[in-house]
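Below you'll find the structure, written out as structure tokens, and then a few comments.
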Amino acid sequence: MSTKTDLAKEIIGRNFPDYSKKRRFFCGDTEIFEIFIETAEDSRLFGKPKGKYITVEADFPRMPSKDFDEEVFAVASGFKNLLPEKGDILAVGIGNEFLTADSLGPLAAKNLLCGEFFGRKLFSLVPGVSGRTGIEPEILIKSAAEKLSPSAVILIDSLAAEDIGNVCRSVQLSDSGLAPGSGFCGGKSALSEETLGVPVIAIGTPTVTRLSHSDSVFVSPNDIDILIRRAAKLISSAINLAVFPEAGLDFIKGIIL
């Protein structure tokens, strides 16, 4: 189906409200949605790859008075359902750090606790965009995965939403990888367990909405630079906590820029 959103929650909530393979629950006051797309028919119908989609409604980026710790724990708990319990992790910040609405991935990747701690390594990669490097990011990601042999790859990317109220609020995680054409700039090759050989967890938040009359015109709030920095802080903190729970959130917050 044709859609102007990357959020499974928006697609199913708007078009398929009676879909049975979903649930809504809370982590404290933080609302969480889980959606399971299990069949090829549902995948075709929804326009999303098969997999598990977790959406955390994180208010912190828009309202920093909200409970940051609770929302970090909520996003980190989503990772616990998707990441292997052991093994090294490669996290990739996808996007263009020089284009504000597409800079979520690079910003988040720069605040990861990279190195070996508690018997596990976290690697961070920011492949940039081919317009600046001349190299397709997929080539660098696949090469790094082959050399480092991680137990899983995390892809951090900017998304698009239909409802501007979800911009820098709805944090989506999925184990379906990154589908072609997803994210803000689109045109990305498939990065999934099939292509990388290890589980791939995609995480992102919408940074733009597509105008109703066009698939190529995007708009963002006028304070997107502030919102996206806060969203990146939330996501990087959650990744650090999910990979290194022994570090504790207080320590992790102390290393975030």
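The number in the numbering used here is simply the position in the sequence shown, starting from 1, with 13 added. Ideal placement from N, C-alpha and C gives every residue a C-beta, glycine not left out. Please read all numbers here as calculations on a predicted model, not as lab measurements.
- A direct Cα-Cα distance of roughly 22 Å separates threonine 146 from leucine 161.
- DSSP links leucine 138 through a beta bridge to Val105.
- Burial is judged here by how many other beta carbons sit within 10 angstroms of a residue's own beta carbon; asparagine 94 has fewer than 16 and is exposed.
- Check the Cα spacing between phenylalanine 231 and each of Pro219, Arg242 and Ile239: the tightest is with Pro219.
- Here lysine 65 is buried. Its C-beta has 16 or more other C-beta atoms within 10 Å.
- For the 8 Å CB-CB criterion, threonine 68 and lysine 22 form a contact.
- Nearest to glycine 217 by alpha-carbon distance, out of Thr52, Ile269 and Leu191, is Leu191.
- For threonine 208, the uninterrupted alpha helix (DSSP H) segment begins and ends at 206 to 209.
- Listed in chain order, the non-local C-beta contacts of glycine 41 below 6 Å within the same chain comprise Glu83, local neighbours out to five positions each way being set aside.
- Between aspartate 170 and glycine 108, the C-beta spacing is below 8 Å.
- In terms of Cβ geometry, phenylalanine 257 and phenylalanine 130 form a close pair [threshold 8 Å].
- For phenylalanine 39, the uninterrupted beta strand (DSSP E) segment begins and ends at 35 to 40.
- The shortest CA-to-CA distance from valine 221 to any of Ala157, Lys63, Ala87 and Ile177 is the one to Ile177.
- The three-state reading of DSSP puts arginine 242 in helix, counting H, G and I together.
- Remark: C-beta atoms of valine 180 and serine 233 approach each other more closely than 8 Å.
- Taking 8 Å as the cut-off, the Cβ atoms of alanine 215 and serine 249 do not count as close.
- Comparing alpha-carbon positions, the option among Glu44, Lys63, Glu47 and Phe46 lying closest to alanine 53 turns out to be Lys63.
- When the Cα atoms are used, isoleucine 50 and alanine 165 turn out to be separated by approximately 21 Å.
- In the three-state reduction of the DSSP assignment, isoleucine 154 falls in the helix class.
- Proximity to valine 88 across Ala260, Ala245 and Ala174 peaks at Ala245, based on C-alpha coordinates.
- It is roughly 20 Å from the alpha-carbon of phenylalanine 29 to the alpha-carbon of glutamate 44.
- Taking valine 213 as reference, the option from Leu103, Met76 and Gly26 with the minimal CA-CA separation is Leu103.
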